[in-house]
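Here's the structure, in structure tokens; my notes come after.
Protein chains: 2
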Amino acid sequence: MSPSRPRIPEATVARLAVYLRVLVGLADGGRSNVSSGELASAAGVNPAGLRKDLSHLGPCGVRGVGYEVATLRDRIARVLGVERSRPCVLVGIGNLGTALADYAGFGSRGFRFVGLFDAAPARVGQQIGGQPVRPMEELDEVVAATAATIGVIATPADVAQPVCDRLTAAGVRSILNFAPVALTAPAEVDVRQVDLSVELQVLAFLGQQRGTTVEVGA
Amino acid sequence: MSPSRPRIPEATVARLAVYLRVLVGLADGGRSNVSSGELASAAGVNPAGLRKDLSHLGPCGVRGVGYEVATLRDRIARVLGVERSRPCVLVGIGNLGTALADYAGFGSRGFRFVGLFDAAPARVGQQIGGQPVRPMEELDEVVAATAATIGVIATPADVAQPVCDRLTAAGVRSILNFAPVALTAPAEVDVRQVDLSVELQVLAFLGQQRGTTVEVGA
DNA sequence: AACCGCTTGTGAACGCAGGAACAAAGTCGC
DNA sequence: GCGACTTTGTTCCTGCGTTCACAAGCGGTT
Numbered sequence: 044m045s046p047s048r049p050r051i052p053e054a055t056v057a058r059l060a061v062y063l064r065v066l067v068g069l070a071d072g073g074r075s076n077v078s079s080g081e082l083a084s085a086a087g088v089n090p091a092g093l094r095k096d097l098s099h100l101g102p103c104g105v106r107g108v109g110y111e112v113a114t115l116r117d118r119i120a121r122v123l124g125v126e127r128s129r130p131c132v133l134v135g136i137g138n139l140g141t142a143l144a145d146y147a148g149f150g151s152r153g154f155r156f157v158g159l160f161d162a163a164p165a166r167v168g169q170q171i172g173g174q175p176v177r178p179m180e181e182l183d184e185v186v187a188a189t190a191a192t193i194g195v196i197a198t199p200a201d202v203a204q205p206v207c208d209r210l211t212a213a214g215v216r217s218i219l220n221f222a223p224v225a226l227t228a229p230a231e232v233d234v235r236q237v238d239l240s241v242e243l244q245v246l247a248f249l250g251q252q253r254g255t256t257v258e259v260g261a
Numbered sequence: 044m045s046p047s048r049p050r051i052p053e054a055t056v057a058r059l060a061v062y063l064r065v066l067v068g069l070a071d072g073g074r075s076n077v078s079s080g081e082l083a084s085a086a087g088v089n090p091a092g093l094r095k096d097l098s099h100l101g102p103c104g105v106r107g108v109g110y111e112v113a114t115l116r117d118r119i120a121r122v123l124g125v126e127r128s129r130p131c132v133l134v135g136i137g138n139l140g141t142a143l144a145d146y147a148g149f150g151s152r153g154f155r156f157v158g159l160f161d162a163a164p165a166r167v168g169q170q171i172g173g174q175p176v177r178p179m180e181e182l183d184e185v186v187a188a189t190a191a192t193i194g195v196i197a198t199p200a201d202v203a204q205p206v207c208d209r210l211t212a213a214g215v216r217s218i219l220n221f222a223p224v225a226l227t228a229p230a231e232v233d234v235r236q237v238d239l240s241v242e243l244q245v246l247a248f249l250g251q252q253r254g255t256t257v258e259v260g261a
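Protein sequences appear in the order of chains A and B. Read in order, the letters of the first sequence are residues 44 to 261 in my numbering. Read in order, the letters of the second sequence are residues 44 to 261 in my numbering.
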């Protein structure tokens, strides 16, 4: 009914998540209100951009005063859908998968892993973050039982596509992929790619470029 | 002479790293040449965009034929500066830090960790990926001895800023930060932020938005 | 009650990235 | 040797994201 959410740009959504984290920290510290300049500084963005981001939620500040921390926090949380905890499944319990399963940041941000899966028999049965690692055979069953709509892939690259196929077949609608391969999935499934080494390579390139200035470099 | 490298957009650099990974895989598979369409498909991007990205390197393909895999691979590697291995230090050997230290993708992409550091005495001395975890006191010494210019932070959020300060003081020029806080650093130091939970939140928002929208017109 | 300073919210301009279409060039076949 | 096909490299254009700058609104003060 209410078209209060025409569309929020993806870049804005990513920053809203950052603002939310900062606001939670401020609220825990006892702060009751905050200005856009201070919030922008803490989030590492431009104050004007922050205000424009928040404008997508409708007016939520008081002119001359600033933003009420608790109110803004709850409002962003509601828009991002963090109010209700979302069930996720995680496939690939290697080093990275273990780190993700143990990472407290997910739980406090509206995500809970309802299933940890690995194809290696040696890992099945281990307890990670209070949960047992399950065999891949139980994937469909767990996804159906928990209504998980989000899947996280932390497997080696060569099995990521089969895992993706199994996740989509099981009914997962959104996939976060840490394996360094481009996944193919049906159009109705969102796939988001995170490549840790790409970030490092971009960083190295920027540093190299600035270090060598503009010289061509023989 | 020719300003063959005026400036390469950051988004292009990120994709070049992806192309490089695909090309290495093709070369290992014995492929000798590849077309832009096939390469774009494997990388998950638009063919025209791929050609535009490669155009920043100057002409490196043959019209009517395609790109020579080995040549293009080496050319991208040289532009990204992957030819020579870059020394990096990693601070914070928790779950995520261990995953990063063990991740083979870094070593094969021109990065090597020359020092693993942690403040917890219980972790110091452990062997991770063939290297010992060192105490923070040895940070300056190792950075100076190895000429490491890249630092990776995988610590809890509350100590990330002090660690950042120590890294910059030790001479590190580029920092990749996995801790969920915005870091403050001198202007001559590049800081790149990676927040795993933000990616998950964006994914959840997109899924939620698609699940509930589109009903406006119906 | 009115003024003043501070902060939000919004409108406009700039720059950048992405996509599609077209021209150039090289190879293969006849 | 010539023509046609394939694929690259480039150019234009559309849309988005970001930034700057200003008007609107509220609280505090006199």
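Idealized CB from N, CA, C, for every residue including glycine.
Check	Outcome
Sequence-distant residues of its chain with Cβ nearer than 6 Å to A:R50 (five each side left out)	none
Opposing strand residues paired with A:I218 [DSSP bridges]	A:G194, A:V234
Chain A residues whose Cβ lies nearer than 8 Å to that of B:Y146	N138, L139, L239, S240
Where A:V56 meets chain B, residues with beta-carbon distance less than 7 Å	V245, F248
Residues bridged to B:I171 [DSSP beta-bridge criterion]	B:Q174
Residues within the segment 84-116 of chain B neighbouring chain A, beta-carbon criterion of under 7 Å	A85, A86, G87
Residue of A:V195, A:R166, A:L97, A:D201 minimising C-alpha distance to A:A26	Residue 26 of chain A falls outside the range modelled here, since chain A spans only 44 to 261, and no answer is possible.
Neighbour flag for B:F156 against chain A, beta carbons, 7 Å	no
Residue nearest to A:A267 in terms of C-alpha spacing, selected from A:C103, A:V134, A:Y146	An answer regarding residue 267 of chain A cannot be provided, because it is not within the stretch 44 to 261 covered by chain A.
First through last residue of the beta strand (DSSP E) which encompasses A:G158	154-160
Of the listed residues A:V157, A:V215, A:R166, A:G250, nearest to B:G214 (C-alpha basis)	A:G250
Helix, strand or coil at A:C131 according to DSSP, with G and I counted as helix	strand
Interface flag, A:Q251 vs chain B, CB-CB below 7 Å	yes
Identified DSSP bridge partners for B:Y110	B:V77
Cutoff 7 Å: A:G135 Cβ touching any chain B Cβ	no
Pair within 7 Å by beta-carbon distance, B:A203 and B:A228	no
Exposure of B:G168, with buried meaning 16 or more beta-carbon neighbours within 10 Å	exposed
Any 3 or more C-beta pairs closer than 8 Å across the segment 122-129 of chain A and the segment 144-160 of chain A	yes
Candidates B:G87, B:G107, B:D117, of which the one nearest B:V67 by Cα	B:D117
C-beta neighbour in chain B for A:D223, strict 7 Å	The question names Asp, but residue 223 of chain A is Pro in the sequence shown. Answer yes: the Cβ-Cβ gap between A:P223 and chain B drops below 7 Å somewhere.
DSSP state of B:P105 mapped onto helix, strand, coil	The sequence as given places Val at residue 105 of chain B; Pro does not occur at that position. In the structure shown, B:V105 sits in a strand (DSSP, three-state: E or B).
Euclidean distance between Cα positions of B:L219 and B:V185	18 Å
Coarse secondary structure for B:I136, derived from DSSP in three states	coil
Residue burial classification, B:R121 (beta-carbon count within 10 angstroms, cutoff 16)	exposed
Same chain, Cβ closer than 8 Å to A:E258, five either side skipped, listed in chain order	Note on A:E258: pLDDT 42, under 50, position unreliable in the model; the coordinate value appears next. Cβ neighbours of A:E258 beyond the five flanking positions: none.
CB contact flag (B:S79, B:R94, <7 Å)	yes
Three-state secondary structure assigned by DSSP to A:I51	coil
Contact with chain B by A:D233, beta-carbon distance below 7 Å	yes
Inter-residue Cα distance where the pair is B:D183 and B:F160	11 Å
Whole-Å CB distance - A:E111 paired with A:S75, under 8 Å assumed	7 Å
Among A:Y62, A:G137, A:S151, the one whose alpha carbon lies nearest that of B:A147	A:G137
Exposure label - A:G107; buried when at least 16 CB within 10 Å	exposed
Proximity of A:E242 and B:R235 at Cβ, strictly below 7 Å	yes
Beta carbon of B:I171 nearer than 7 Å to that of B:T198	no
Cα-Cα separation between A:G72 and A:A113, rounded to whole angstroms	12 Å
Anticipated Cβ contact below 8 Å, A:S217 with A:D233, distance rounded	5 Å
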